[in-house]
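K.L.:
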Amino acid sequence: MNLGVMLKNYFIIGYRNILRSKLRTLVHVLGLSLGVAVCLLVFHVVWYENSFDKFHEDGDRIYQVMTHTHYQEESWLNGGVPFPMAGVIEDEIPDVETKTHFYQLEGVRVHLEEDKGIYKERPTVMTDNQHFRIFQRQWLAGNPSTALNEPGQVVLTQAAAELYFQGLPPPEVLGKELTYYFLDTVQVTVAGVVEDYTGNTDFIFTDFLSIQNARKENGEDFYAVDNWQSVNSSSQLFVKLHADTNLEHVNEKLGAIPDKYMEKSEKGFTEFSLLPLVELHFHENFDRPAANKSVLQGLILVGLFILVLACLNFINLETAQSFVRFKEVGIRKTLGGSRSQLIFQFLAETAIIVILAIAGGLVFSDLLVRGLQDLLPDGFVINYLAPEGVAFLVAMGMLLTLFAGIMPAIMLSALQAQKVLKGDFKQINGFSWTYFLQKNLTVIQFTLSIGFIISVLVVSSQIQYMMNKELGFDKEQVMYIRLPFLSDSSQRETFKHVISQQAGVRNTSLGSDILASSSLWTSSVEVTTPTEKKEISVQVKMIDSRFLDVYQVKPKAGRNVRDASNEILINEKFVERLGFDNARDAIGYSLDFNQAEREVVGVVPDFHSRTLREEIRPLILQPAQRNATLLSVKMEANTDLKQAKEDFGLIYQAHFPFEDGEFKFFDETIANFYKSDFRVMKVLGLATLIALVISFLGLFALTSFTIAQRTKEISIRKVLGAGTMEILVSLSKEYVVLMAVAFGLAAIPTWYLLNNWLKEFYFKINMPYDLYFLAGIAALFACLAIVGLHSYKAMQKNPADVLKSE
Amino acid sequence: MIHLQNINKYIDSRFQRVFILKEIELTIEQGDFVTLMGPSGVGKSTLLNIIGLLDEDYEGEYTFEGKSIKAMKDRQRSALHKSEFGYIFQAYHLIDELTVYENIETPLLYRNVSSAERKSIIAELLDRFNMVAKKDLFPEQLSGGQQQLVGVARAIAGKPKVLLADEPTGNLHSAQAKEIMEVFQELNREGTTIIQATHSRENADYGHRLIEMMDGKIYQEVSI
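Chains as they are written, first to last, in numbering that gives the first Met the number 0: chain A, 0 to 805; chain B, 0 to 223.
1) Since Thr-205 (chain A) and Ala-159 (chain A) are thought to touch, with beta carbons under 8 Å apart, how far apart are those beta carbons, to the nearest angstrom?
2) For the candidate residues A:Glu-387, A:Phe-435 and A:Pro-386, whose alpha-carbon lies nearest to that of Met-410 (chain A)?
3) Got a sec? Which residues, its chain only, sit under 7 Å from Val-151 (chain B) by beta carbon, not counting five neighbours each side?
4) Check distances from the C-beta atoms of the region 12-37 of chain A to those of chain B and list, in chain order, the residues that come in under 8 Å.
5) Any beta carbon from chain B within less than 9 Å of Leu-355 (chain A)'s own beta carbon?
6) How about Gln-320 (chain A): is its C-beta nearer than 9 Å to some C-beta of chain B?
7) Taking just the CA atoms, how far does Ile-726 (chain A) sit from Arg-716 (chain A)?
8) Give the range of the alpha helix (DSSP H) segment to which Tyr-260 (chain A) is assigned.
9) So, using beta-carbon positions, are Lys-8 (chain B) and Leu-20 (chain B) closer together than 9 Å?
10) What are the boundary residues of the alpha helix (DSSP H) that Glu-733 (chain A) is part of?
11) Relative to the C-alpha of Thr-702 (chain A), which residue among A:Ala-721, A:Lys-792 and A:Gln-500 is closest?
12) Which residues bound the alpha helix (DSSP H) around Thr-702 (chain A)?
13) Which word fits Trp-75 (chain A), buried or exposed, when buried means at least 16 other C-beta atoms lie within 10 angstroms of its C-beta?
14) Provide the residue span of the alpha helix (DSSP H) that contains His-92 (chain B), from first to last.
15) Opposite Ser-222 (chain B) in the DSSP bridges: which residues?
16) Going by DSSP in three states, Arg-108 (chain A) sits in which element: helix, strand or coil?
17) Is it buried or exposed, Val-393 (chain A), if we count other Cβ atoms within 10 angstroms and call 16 or more buried?
18) Please state whether DSSP places Thr-197 (chain A) in a helix, a strand or coil.
19) Ends of the alpha helix (DSSP H) at Gly-360 (chain A)?
20) How about the region 759-778 of chain A and the region 706-713 of chain A: do they share at least three Cβ pairs that are nearer than 8 Å?
21) Short of 7 Å Cβ to Cβ, which residues in the region 405-422 of chain A face chain B?
22) At a cut of 8 Å, does the region 273-284 of chain A reach the region 99-112 of chain A through at least three beta carbon pairs?
23) Glu-172 (chain A) to Val-189 (chain A), Cα distance in whole Å?
24) Compare the C-beta of Met-0 (chain B) with all C-beta atoms of chain A and state if any pair is closer than 9 Å.
25) Short check: CB of Phe-817 (chain A) to CB of Thr-66 (chain A), under 9 Å?
26) Any idea what DSSP makes of Tyr-383 (chain A), helix, strand or coil?
27) Kindly confirm or deny that the region 132-149 of chain A and the region 182-202 of chain A touch, where touching means at least three C-beta pairs closer than 8 Å.
28) Rounded to whole angstroms, how far is the Cβ of Ser-77 (chain A) from the Cβ of Ser-209 (chain A), which I believe are closer than 8 Å?
29) Can you name the start and end residues of the alpha helix (DSSP H) that Ile-764 (chain A) belongs to?
30) Measuring straight from C-alpha to C-alpha, what distance separates Leu-163 (chain B) and Val-33 (chain B)?
31) Just to confirm, is the Cβ distance from Lys-332 (chain A) to Ala-408 (chain A) under 9 Å?
32) Using beta-carbon positions only, say whether Ile-569 (chain A) and Leu-514 (chain A) come within less than 9 Å of one another.
33) Specify the secondary structure class of Pro-167 (chain B) as computed by DSSP and reduced to three states.
34) Are there 16 or more other CB atoms within 10 angstroms of the CB of Glu-317 (chain A), so buried, or fewer, so exposed?
35) Just by C-beta distance, which residues in the region 331-353 of chain A are closer than 9 Å to chain B?
36) Does the separation of the CB atoms of Lys-53 (chain A) and Phe-237 (chain A) fall below 9 Å?
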């Protein structure tokens with residue numbers, strides 16, 4: 000076979016064609032490489048998010064026990080379990096081969112002996128040594144079967160050992176002493192050193208203390224060791240089931256556990272369930288936000304759309320200008336080329352362009368990674384040489400070549416030699432595929448582009464709306480800091496006092512929370528309305544008398560609360576639920592809340608204490624010092640907030656030397672509520688930009704060919720006396736129809752998707768139909784501008800010259 | 000060698016059947032040099048296409064070396080087309096993106112000729128037509144006569160038994176035309192069967208048989 004030479008021959012022709020028609024090549028390579036870049040990036044993101052904890056032995060048999068708590072109308076899914084659950088699960092469910100219970104500690108400080116060093120915020124858990132039987136690691140030193148049996152033991156990963164005892168080989172680290180400070184102070188000796196994981200993992204812990212520490216005298220209460228009612232997300236239980244276990248049976252037995260051990264309540268119930276290890280990364284866990292599957296699906300969809308767009312562009316343009324190749328096809332057939340050889344040749348030419356596009360795609364995707372750093376998952380980098388990445392590129396290259404190249408190749412190779420050589424191109428099969436394809440592909444392209452434009456406009460106007468909505472309070476010039484949970488209230492009061500003395504501070508307040516945050520404390524209160532007696536679920540914040548001043552909230556009726564009193568404030572929503580028509584009527588109402596009789600002394604307006612995704616709930620603001628660990632600081636206008644933040648940070652360090660705390664800006668916190676929406680907008684915006692570049696480049700090239708083909712027609716019309724306007728109209732007419740069809744096709748599915756997206760928000764804009772039309776009209780004008788430009792160029796030709804050459 | 004029996008080709012329009020070829024009876028022996036003559040549209044090209052297996056849309060019996068073309072399978076037919084026929088066109092029809100050398104090489108590639116053999120065949124042809132110096136030029140860099148010489152070289156590179164030439168000199172001036180016809184004469188002497196379609200009586204003089212066509216029919220045959 001001369002396959003090699005044949006290929007060389009094809010590549011030579013392909014190469015010379017590429018040089019010959021630069022516009023075509025540019026459009027093809029640019030369009031496809033944008034598509035390739037987006038797909039490559041999406042692939043790597045999806046791969047990365049799915050790569051977590053894939054290396055554990057028998058990973059398919061490992062599950063996390065989750066707790067689903069239902070209380071009144073609300074329910075929570077929690078990765079933690081009641082502490083005593085760990086003690087009974089093996090007895091209750093014989094299918095469990097091994098289980099491990101661990102308790103994640105926060106704010107752990109590690110001191111070396113003789114105060115050689117202090118290490119803060121160490122990722123530490125208390126666990127048992129079965130942990131290492133489920134999540135296996137190589138032991139570099141120590142005995143796996145006795146380690147962690149005693150409270151005074153610690154197992155370190157190699158990285159932690161290296162941090163504390165630089166340069167010491169693992170066996171020598173054994174027996175070294177360390178002191179761990181958290182709620183407790185624990186002196187331990189190193190009982191083992193294990194290897195760090197090399198693969199991506201959510202199990203980032205490096206210091207393993209014994210869970211026996213929780214059973215020490217004063218720990219039992221805090222860790223709720225015997226309390227079935229307390230579910231803390233730090234208390235985690237993983238099980239490894241026997242092979243061939245029937246999951247349904249396990250779930251049945253899990254279902255029986257609450258009835259047996261937990262108190263029954265009319266208001267709620269608890270369920271346990273198993274989460275497969277592969278799903279762990281997609282659930283909030285270990286203080287890490289969950290990877291979001293629907294975001295990944297959205298990304299895949301966007302990537303596919305862009306790639307399809309780029310391919311359609313290619314097909315469209317190739318078929319539109321395929322007449323350039325007609326003669327060659329005729330000659331090759333006459334010289335003995337078979338149809339399959341011709342198809343192969345055209346595919347090889349497509350392959351060259353695809354290879355160029357992949358090279359360009361690599362460059363673009365690197366630019367994208369740099370530009371989108373804040374949208375990508377933490378720790379994400381593209382390793383272009385990773386086998387899966389290379390495999391993906393090769394597979395995508397082949398698929399692209401086939402998908403983009405096969406249609407033009409089949410059409411070209413179907414030509415009959417004697418006809419094309421005679422110059423008889425018309426009516427090849429009675430029905431012109433070229434024409435049919437051109438129109439349809441153009442419509443699809445514009446459908447996608449218009450869809451993208453509409454989405455971006457609607458999403459950004461919802462975000463605009465949320466940013467500008469009157470929230471019912473003043474978010475400017477407010478800073479806040481969370482003080483240590485275990486500090487006592489006099490310490491906090493002192494700190495507050497010191498801060499309030501600083502220059503530029505207008506007001507300070509200690510409360511359980513800032514005015515609007517993502518955390519939610521709810522409770523239920525029994526109220527009596529004129530018609531009935533009922534329990535209502537309310538949101539609670541602990542405040543002091545300065546709270547309203549700091550956030551510039553004015554009571555609608557009544558007055559502010561006094562510190563250390565049994566007075567409370569409620570919001571208008573609460574008033575409504577109480578059955579009062581007027582806020583003033585609620586003043587003086589008393590209700591039983593938080594173990595005391597409390598009197599409503601004021602009504603505050605319905606400010607947004609949560610994101611705008613959620614409705615406003617009935618709210619109680621109660622003055623209290625307990626739990627008041629959050630200091631809010633209102634600054635004078637025109638103070639340098641950045642400087643103040645730094646200065647206050649130093650004061651904080653002086654008061655709480657062993658803690659890491661940081662002042663934050665309230666307005667930034669509120670903007671962060673909508674971080675994921677900004678992300679959606681940014682991704683959509685970028686996708687739209689790319690889609691538009693591809694479509695309009697495509698249209699530009701396409702019209703430059705199709706209108707050049709009609710030069711003769713234009714000249715004849717001119718000779719017959721047609722005016723410029725008439726010719727322009729006659730050339731643009733069909734594009735107006737195409738755009739109208741594309742608009743219709745785009746608007747309906749986009750409306751459906753956007754409507755679903757808007758449903759996530761309780762406070763939202765009305766569907767802005769005017770933006771739909773804006774998008775459609777903008778696309779139409781852009782299209783007409785391109786068509787007009789080429790038409791104008793064609794019209795400038797002298798008819799005498801054009802018609803003479805015929 | 001080539002035997003055509005009652006060949007008809009027509010187009011059915013709504014009211015009538017228009018014949019392009021009608022009742023063609025023609026036998027061509029190996030080594031013949033046949034000229035088809037007649038005005039434009041008389042069916043010369045169509046007849047050449049049928050003989051060269053480029054057009055299968057006709058009625059009647061066509062046998063090549065005793066084998067019926069219609070009875071052949073597609074693959075046999077395309078193998079026959081590849082091995083036995085060479086084509087020369089009025090408009091040269093060289094591939095613009097390929098050099099002289101590559102143009103001549105193309106039919107050899109489709110015939111699976113080995114690399115060494117290809118090189119020697121092409122070298123021989125370039126030498127024969129005095130084009131060694133031009134082998135790396137592209138068609139547009141050559142004159143019409145030179146382009147047609149490349150066309151001839153390409154057509155005979157695969158050593159076909161039959162050379163089909165459709166108005167080979169139509170775009171050339173007389174000196175160039177003469178050169179091409181002399182090459183034809185020489186090839187014919189070496190044993191290649193040549194069938195050419197032309198308007199030019201002078202060109203016909205290089206051949207042995209002159210077939211005049213009129214309205215899709217063979218009008219008369221003259222031996223030269």
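C-beta atoms are modelled at their ideal positions from N, C-alpha and C, and glycine is treated no differently.
P.N.:
According to the data block:
1) 4 Å
2) A:Phe-435
3) Ile-87, Ile-179 and Val-182
4) Ile-12, Arg-15, Asn-16 and Arg-19
5) no
6) no
7) 8 Å
8) Membership of Tyr-260 (chain A) in the alpha helix (DSSP H) is indicated by the continuous run 246-260.
9) yes
10) 723-757
11) Here the closest residue by C-alpha is A:Lys-792.
12) 674-708
13) exposed
14) No alpha helix (DSSP H) contains His-92 (chain B), which DSSP labels as neither H nor E.
15) B:Arg-208
16) Strand at Arg-108 (chain A).
17) exposed
18) coil
19) 338-370
20) no
21) Ala-416, Gln-417 and Leu-420
22) no
23) The amino acid occupying residue 172 (chain A) in the given sequence is Val; Glu does not appear at that position. In this structure, the CA atom of Val-172 (chain A) is about 7 Å from the CA atom of Val-189 (chain A).
24) no
25) Not covered by the structure: residue 817 (chain A). The range shown for chain A is 0 to 805.
26) Three-state DSSP puts Tyr-383 (chain A) in coil, outside helix and strand.
27) yes
28) Per the sequence shown, the amino acid found at residue 77 (chain A) is Asn instead of Ser. The pair is not a contact, with the Cβ atoms about 24 Å apart (cut-off 8 Å).
29) That residue, Ile-764 (chain A), is in no alpha helix (DSSP H); it is neither H nor E in DSSP.
30) 10 Å
31) no
32) Leu-514 (chain A) is positioned such that its CB atom lies no closer than 9 Å to that of Ile-569 (chain A).
33) coil
34) buried
35) The residues in question are Arg-331, Lys-332, Thr-333, Leu-334, Gly-335, Gly-336, Ser-337 and Gln-340.
36) no
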